[in-house]
Each structure stands twice: as C-alpha cells, then as structure tokens.
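Notes follow once the structure below has been shown.
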Amino acid sequence: MDGALTRFVRALRMADVRVSTAETLDAFRVVDLVGWQDRERLRHGLAAVLAKSTDEANAFDACFEQFFRFDDFDAGAQPAPVDDETQAYPTGNETLPTNDQADGSMPGDSQSGGNGVDHRESNDLDAGDHDRASTAAPVPLDPVDISSPSSPLGRQLMADDRTALSIAISSAARQHRIEDIKIFTQQGLYTRRIMDTMGRPALIDEIIGLEAAHRPADQRLGDELRRRHDRLRQQIRDYVEGQFFIHADARGERLRMQMLRTTRIGNIPAHNDHLMRRMIERMARQLIAAHTRKRRITRRGTLDVPRMIRKNMRHDAHLIELAWKSKRIDKPRVFVLCDVSGSVAYYARFMLMFLYSLGEVLPRVRAFAFCSELAEVTDLFRTYDLDEASRRTLAEHGQGGTDYATAFADFERIALDDVDRRSTVLILGDARNNHGDPRTDLLRKIYDRSQRVIWLNPEPRAAWDSGDSEMGRYAAHCHQVNACGSLAQLDRVVSDLLRRVS
Amino acid sequence: MTESLIPPAADTMTSVDQVVAALQQHRYIGSNRIATVVYLAFHLRKPVLVEGPPGVGKTELAKTTARMLGLPLIRLQCYEGLDEAKALYEWKYGKQLLYIQMLKEKLDDVLGSAATLSESVQRLHQHDDVFFSEDFLEPRPLLKALRETKGSVLLLDEIDKSDEEFESLLLEMLSDYQITIPEIGTIGAAGPPPIVFLTSNNTREVSDALKRRCLHLYIPFPDAKLEQQIIQTRVPEITAELRRQLVAFVQALREMDLRKTPAISETIDWARTLLLLNIDVLDADWVADTLNVLLKFQDDIDRVEPQLATLMRRVAARG
C-alpha cells in the first residue's frame, strides 16, 4: 500500500497541493497510526498533514474522493449467482454474514467491527450491496449445470472476488504506468492494455471454445464468462477514466495555464475567462505570500527599557542606543489610472482584478477609469465582486475616444492632492491620444508629487510611437515604463511594484 | 516518540475512538476529524494549527485536551509586538544589576591581588558567565512549557495577531522542541515535549514555514445535529424541544449575510439566557428581546428583526 500513498501524493501535487518530502513521511506515519481500514479517518488524518490551507483542503478532498474509491467494483457489480466455485471457498462465505451483522447493528456508522481488512475498505454504499448480494446469493444451481473455467482470468472472474479483481486491475495498471496518461483518447488504449495484462487473450480463446462446445454446461459457462468479461471491461474503463481525471486533467489545465500566462491578453478567447480568473487569483496568492506586511520600527513612542538595557550591555550599561516599543505599519498608496476605451478595456479588466485580488498586501488601492473623462471607481470594487465591478466600470466609462489630456486634468482635480511622496501611480493605457495635445505637463505634476509613476502599455514596444501613440513623450515623465501584454508581464510588474511599495 | 516519553494519562490515547469518548467525557463534543487530529498530534508530537471562525471552540479544544491528559495548560496570548522577551525568556536584568552591586566587594577581593590588567581578566574568566546562568533567567510561556517534566499542553492563541518575526521565532520550538539562548546554549524539553495548539482566525495568512511544521485542522460551524449535542452537553437543563428550536434558529441565522455570524459560544450563551428566563417555547417576542446575546452588532440586529417572522416559520418547518 506504500506505493498507493506515494502515488496519491503525486496526484495531490498535480492538483496544486504542495506536499514536501517531510510531509510525505508524516503521511506514512499517519497511516501507521490510523490504518487503512476506516476511510473517513484516513481522510481526516491525511488531510491534517497534507493540506495546509482551506484551498488545499478542498483540492485534497476532491483528490481523495477520486483516488481512494474503494466502492468502484462493488457498487457496479450485479448480485452474483452462486456456483460451485463459491462452495469451494468457504472463507468467502464466512466473511459475508459477519459483514452483515456489522452493518445491521450499526447502520450509517463507520464500520469499526473486526472484519478482514478487505471488507472493511468498503463504505456504507456497498455495504448495502453486500446485503443484497448475500440475500440474492442462495439461488440453487445444480453444480453439474455449469463447468469450471480453465483460463486464470476466467477462474478469477467466476470466483467473483471483487477485492482480488480490483487489486489485479490496479497492479496491471501500475505495470503500464497509468499515472503517465496524458490525453483523453488514450483511455481506450490503457483499458485494452490492462485487460491484456490480466489475461484477456486466454479468456477470449476459452469463451470462443466454450460457445462452440456442445455440452450445455460448457455453453452456459461461456455465456456467463462473456457477461463477466464485459462487466470487467466496463469496470476497467471506469477505473482508467478515474485515473485520467486524477493524473491528466490537472496536468492539462496546468499546460493551458502556462500557455495563457505568456499569450497576449488580447488574443485569449473569451471562453477562457474563468481560467484567467483562477490564474489571476493564484498569481495574487503567490504575491501575497511573498509580500506580507513589513513593519518599520519608528523613533517615537514608549521606550522599551528592558530591551534598551540589554541592548546597551555592550556599552557597559551606559544607555547609548535607544529601543522603542511601538512599530509603525507603513501603508503605501497606489493610484491606478485605467484607460477603458475599446482597445485597452480587456487589459484594464484583468489589471483591476489583479490589483484588487491583492487587497491583503495592497490595502489602499484607488482606481480611476477613463476614456476621455476620468472617474473614480474605487467604490464599485468595494461594493461588488470583481467580475461585476469590472463589468460596470467598462459599461459606465468605456465609451468614446481616448483623450489623455482631459483624463489627466480630471485626475488633477479629483485626486492629485492625495498623491504624496509615498504614492505609486500606475497608468494603464496605449498612449494613443487621437492626435490631441498630450499635455505632458499634467503628467509631470503627478511625477513630481508621487514616489513613482509607472506606465503600463499593453502594446508591444515595437508599436510604441507609431501612428497616434505618444508613448515616447509620456515616457519622459514616468519613472518606469513597461510593456504589459500578457499575464506573465503583468505579474512581473505587479511583483516589482509590491517590492517597492510594501 | 519512545514509550517512556508518553505521560501516564496516555491510556486515553490508544485509539481515535477513545479520544472521541474522552473528549466527550470532558464535555467537548467534536467531530471525528477533531478527534483524529488530536490523536495524531499526540502520537506524532506535531503542533496543531487550528483554524476556523471565532467561537467554534478552538481555544476550548486545547483546554479540554489539557484536562483530558491531566497536563498543565500553558497559554500565550499572541498580539502585535509580542517578542521573545515575552514569549521565550528574559534575563532578570534587575537581579543581575543588583548582584553586581552587592558583589562589588567580592569582586575586589578576587581581583585585588591581580598585578596586571590581563591577569584580572584572566581571573574573571575563571568565573565565566555567573550572571548569565539559568538563575538569572525568567522563563516565559514557551520556556516554561519545555521545563515541565511531565509534559504540558501549550496554547498559542491567535497566532495570526502576532508579527511575522515572532512566527520565525517559533520555528525552532515547534519543530525540535528546543530553545536556543545565546548565553547558555540550547535548552531541550525536560520531559515529554509539550502538545502545542496554535489557533488562528485567519486575519492574515500564517507563513508557509509554520504551516509546514503543523497538523492542519479547520473547525467549521457545526451542523444542526452536532450543535444540538453540544448544547445538550453544555446546557443539559434545557428541554429537548427548545434545544431543537434554538439550534434551528441559529442555523438559519448563519445562512444570512451578517457582519458577525453567531458561533457556538453564542448559541451556548443564548441557551443559558433562555434557561434563565424560564422560556420553554421559542416565540418571536422572546427572540427579539434576547437577540443581542446572539448578534453583537446593531447593524445585524436591525437586519434580522424585520425577518423574525420568516425565520420563526422556517424553524417551525424544520421540526
């Protein structure tokens, strides 16, 4: 079972749960303590060491459900008609009644009865199935009526030992390295390979032979074997599909995300919106983790006497260095001016989403949107969720041609007084001013007052200063100018911003 | 962990089921998950990071565990600006200064016969760090927890309120159960290492380094069934029907958009209030009068009051 745990950890990593080697070792110790018998307990125990946040806990739960599906084979199985094979395995008959008892006495409870490990793996759902199987079991069949199979897989099928079958399936799957499955269409291939490894060719030969035989008992066995063969194939297909979702789906999404990161935002088809959202959230989370609040020790407030005496021990207890009790949180301020005219709107949306996802590390973001006239949209983002707020911003302010001169004039009127030397001003726009007066003097004013003016241009550098773009003239009045066409570039700019302001 | 390090009360810790029973015996009704994590924390000797909304019994879990194991509970309330002098240890600087003053003559005796400066220094060195020994050390909660010879339960409450630096300070303690004091050296646990609970309300994300060293436990609001059990244990005098009604009402409140959702502690308080007022059946008037026990903001009360009738109907429907 150790292999199963290692593979589970691998699946978790695919699902973006970060699991370190030390945590994997802890997981092994947990399994030693809790055991494999009780599924719920195993889940709680593993979750405690492997999932470290609420996000990860959700991912963990989904993954666990997919990975440890003990009911796979039992739930799908039909009540099996008893044949002479069953009589040959009295142990199999013994475990069933005890299982019934356990279920009967504690309905809905986790099975803590002392059954064999194999049967305790099952949960309530298939416990019910056991009941049905055992009540439906004593269909009287004359042992002479059916012959016994000769191929190994055939014997296994007729023995109807679900646990043995499921173990055989997963070990065959392991031989074919099912965890490497990449694309949807490979499922058939893997199903086939697993069946072949389990001994399908011999079984098929036998079935064909039996169906052609003259003895009714042989024919009956042939029919029964074919039925069970089909059922097995279905089970394996389900198993492969489950494995596909665990191993490949996450990887596929990761590939898509990787691609989205570097693609120019304008070129990304709209149906990827939700994926973009998730990416932005994830990028924001990473940035938040990297840039948590920094505190600066101030030079005022109450003296910390003990600390001061300790600190001055080295000066023979003469008080030379002072130590203060209070610490001040340095809160930077960010002003974002977004061009929301048609050409840039799409970028503005993601930019705003990104900045507001950073609420934890960037508590004081004020956002302004403009085409020609500029208006503050900070309140929109405070009232509505990100999607709604950005939609409203675009709808309310996104008409007309771009006029940077008016926008800067408006900004001067509305908010320039609040800009101080700890403020960062972010301007997102393509600097295409429709041949109007660029009014660089207004930008200069912002430049003089603020700590940094950063201009983000979604166009590639080569397109700057072509046609009606005034980028070159504006750039002279910015501290920093960046091309910002893809999420990767946006990420770089914002993380740079955080490093400076926080 | 070797057997010898396990405290005598460990017999309640031999299986998860026993932990559930023991917690229950000490009037803490917890989900299977909580018991599993306590069981693991005991055997793996890893700290537990308990997260969840306020009032769901995070602190209570640590207290109950301490009672259950018969170990002393050492509690450290975290806040902004908490530093090692308050959490780990502090030198008794006053005592140090006083001793130096008092021993001045003795020092003269020791050094008096020394001919040269270097000889005096040499002699002083023979007495080494008398003033930086454990006698001059004021143990704070973390060091105190390590010094308990029978083991202890250490509760670091609201770790999210402390600073980043303090979290880093904890790392040595949490992973190796030791504290390094530069003047003395490394101090390890005197007995079995303490069982550590850290609680967090998620006002800020706790650092990854800390999370990695802990078992992670999230305690959500309980479902109706569990909450009824909790009320039954905590306020046993209340009638079954009233218990059902009040739990249903609180559960309905939790679905509303409130500034501060009522937690278990509020439900318990409310149950006690109703008991005190001798109320047998919940009606809208009584609820309106006692709503301030459940809701702590006037905004919330204003929002709930007009909808009381609807809420009461839903409570009735659920029965």
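These protein sequences, in sequence, are chains A and B.
Quick note on the numbering used here: the first sequence kicks off at 1 and runs consecutively.
Quick note on the numbering used here: the second sequence kicks off at 1001 and runs consecutively.
Here a beta-carbon is modelled for each residue, glycine too, at the ideal position from N, C-alpha and C.
Model, not experiment: these values are computed from the prediction.
Asked, Found
"Residue-level contact to chain A via CB, Ala1209/B, 8 Å cutoff", "no"
"Check whether Leu1071/B and Val1206/B have beta carbons under 8 Å apart", "no"
"Pair within 8 Å by beta-carbon distance, Ile1179/B and Leu1088/B", "yes"
"Contact with chain B by Leu358/A, beta-carbon distance below 8 Å", "no"
"Arg366/A: first and last residue of the uninterrupted alpha helix (DSSP H) it sits in", "Run containing Arg366/A: none in the alpha helix (DSSP H); it sits in the beta strand (DSSP E), Val365 to Phe370."
"Reference Asp1083/B, options Trp324/A, Asn267/A and Leu355/A, closest by Cα", "Trp324/A"
"Below-8 Å beta-carbon distance, Ala48/A vs any chain B residue", "yes"
"Within chain A, the residues that Thr1036/B reaches when beta carbons sit closer than 8 Å", "Val34, Arg41, His44, Gly45 and Ala48"
"Exposure label - Tyr1028/B; buried when at least 16 CB within 10 Å", "buried"
"Endpoints, the alpha helix (DSSP H) within which Phe1249/B is located", "Ala1240 to Arg1254"
"Proximity winner among Glu412/A, Asp430/A, Asp465/A and Asn457/A, relative to Asp441/A (alpha-carbon distances)", "Glu412/A"
"Contact under 8 Å by Cβ, Val1056/B with Ile1159/B", "no"
"Selection of the region 1066-1093 of chain B by Cβ proximity to chain A, strictly under 9 Å", "Glu1080, Gly1081, Asp1083, Ala1085, Glu1090, Trp1091 and Tyr1093"
"Neighbouring residues, chain A, relative to Val1130/B (Cβ below 9 Å)", "Chain A residues near Val1130/B: none, gap ~15 Å exceeds 9 Å."
"8 Å contact criterion, which Thr424/A and Arg452/A should meet: CB distance rounded", "5 Å"
"Proximal chain B residues relative to Asp26/A, where beta-carbon distance stays under 8 Å", "Leu1044 and Lys1046"
"Rounded straight-line distance, which links the Cα of Ala47/A to that of Phe60/A", "7 Å"
"Three-way DSSP call (helix, strand, coil) for Val453/A in this model", "strand"
"Per DSSP, the bridge partner or partners of Gly1185/B", "Ile1181/B"
"Of the listed residues Ser357/A, Ala375/A and Met313/A, nearest to Val340/A (C-alpha basis)", "Ala375/A"
"Helix, strand or coil at Cys63/A according to DSSP, with G and I counted as helix", "helix"
"Cβ-Cβ distance between Val365/A and Leu355/A below 8 Å", "yes"
"8 Å Cβ cutoff, Ser20/A in contact with chain B", "yes"
"Delimiting residues of the alpha helix (DSSP H) encompassing Leu1142/B", "Pro1141 to Arg1147"
"Contact between the region 212-232 of chain A and the region 144-160 of chain A (3+ Cβ pairs under 8 Å)", "yes"
"Proximal chain A residues relative to Tyr1028/B, where beta-carbon distance stays under 8 Å", "The premise fails here: Tyr1028/B is roughly 17 Å from chain A at the closest Cβ pair, so nothing lies under 8 Å."
"Within 8 Å, strictly: CB atoms of Cys478/A and Pro458/A", "no"
"Ser1207/B (DSSP reduced to helix, strand or coil)", "coil"
"Chain A within 8 Å of His1216/B, Cβ atoms only", "yes"
"Residues bridged to Tyr1218/B [DSSP beta-bridge criterion]", "Glu1051/B"
"Touching by the beta-carbon criterion (3+ pairs, under 8 Å), the region 1023-1040 of chain B and the region 37-51 of chain A", "yes"
"Inter-residue spacing [alpha-carbon to alpha-carbon] between Leu1073/B and Gly1151/B", "10 Å"
"Cβ shell of Ala1309/B (< 7 Å), same chain only, five flanking positions each side left out", "Ala1284"
"Extent of the continuous beta strand (DSSP E) run through Gln1077/B", "Leu1073 to Gln1077"
"Between the CA atoms of His214/A and Met198/A - distance to the nearest angstrom", "28 Å"
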